[in-house]
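A.B. asks: First, the structure itself, so that you have it in front of you.
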Amino acid sequence: LLHRTQTPAGERLSRIELVQGGTCGNLVEYRYDDNGQLTGVVNRAGTQVRQFAYENGLMTAHSNAAGFTCRYRWQELDAAPRVTEHDTSDGEHYRFDYDFAAGTTTVTGRQGESWQWWYDRETYITAHRTPGGGMYRFTYNEDHFP
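Put into C-alpha cells, the structure is as follows:
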C-alpha cells in the first residue's frame, strides 16, 4: 500500500506498507524537509539507510547506512546550476567540464581518466566515449526512445 504526504512542494510518497502476503508493516519510509526534498530513507527495521543533504535546493551529499558518502559541488553555468565536482568518502574524485556550444560534457577522474558525452540541441545523448576508448552512439525515434 502506498502512502503519500503533502509538503509545501507538493505530494510525496511517504511510505510503502505490506498489507498482505507476508509480515505486514512498513517496508520503507521516506522523509522530506520543509521544501519537499528527500532527506532520508528508513528500512523495515526502522534503520535510516540513506541520508541526503541540500543547499539552495541542490543536493550536496548523500550517504548510506555504512557511512559511504558522495558529495557534489555546484556552479551556475549557462544560466543553470551544474555539478562541477563530485567526490566520495572512499577517495574518488571527478571534475565535470561542459562545452554547451559543442554539445559535450567531459568528466575527468582523479587518475586523469575521462568520460565524454555528446548531446544534441534537445540534450539527448548522441554518443559516449569511455576511458578505455570505447565509443557508443545513440539514435532516437520520433518518440525520443533509443
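For the sequence shown, position 106 (counting from the first letter as 1) is numbered 106 according to full-length UniProt numbering, and the numbering increases by one without interruption.
A virtual CB, placed ideally from N, CA and C, is assigned to each residue, including glycine.
1) Assuming Glu85 is part of the beta strand (DSSP E), what are its boundary residues?
2) Residue range of the beta strand (DSSP E) that Gln75 falls in?
3) Decide if residue 153 is buried, meaning its Cβ has at least 16 other Cβ atoms within 10 Å, or exposed.
4) Compare the C-alpha of Gly40 against each of Arg73, His3, Pro8, Asn64 and name the closest.
5) Out of His62, Thr126, Tyr32, Thr130, state which residue places its alpha-carbon closest to the alpha-carbon of Tyr140.
6) Determine the contact status of Gly25 and Thr7, defining contact as a CB-CB distance below 7 Å.
7) Note down, in chain order, each residue of its chain lying with its Cβ closer than 8 Å to the Cβ of Asp34, except the 5 sequence neighbours on either side.
8) Roughly how many whole angstroms lie between the Cα atoms of Phe100 and Trp74?
9) Let me know if His144 comes out buried or exposed under the rule of 16 or more other beta-carbons within 10 Å of its beta-carbon.
10) On the three-state DSSP scale, how would you describe Thr47?
11) Pick helix, strand or coil for Gln116, following the three-state DSSP scheme.
12) Leaving out the 5 sequence neighbours to the left and right, which residues in its chain are closer than 8 Å to Arg82 when beta-carbon positions are compared?
13) In this structure, how does DSSP classify Glu142 when only helix, strand and coil are distinguished?
C.D. replies: In short, the structure shows the following:
1) 80-88
2) 69-77
3) In the structure as shown, the chain begins at 1 and stops at 146. Residue 153 is therefore absent and cannot be evaluated.
4) Asn64
5) Thr126
6) no
7) Thr7, Pro8
8) 16 Å
9) exposed
10) coil
11) strand
12) Trp74, Gln75, Glu76, Phe96, Tyr98
13) coil
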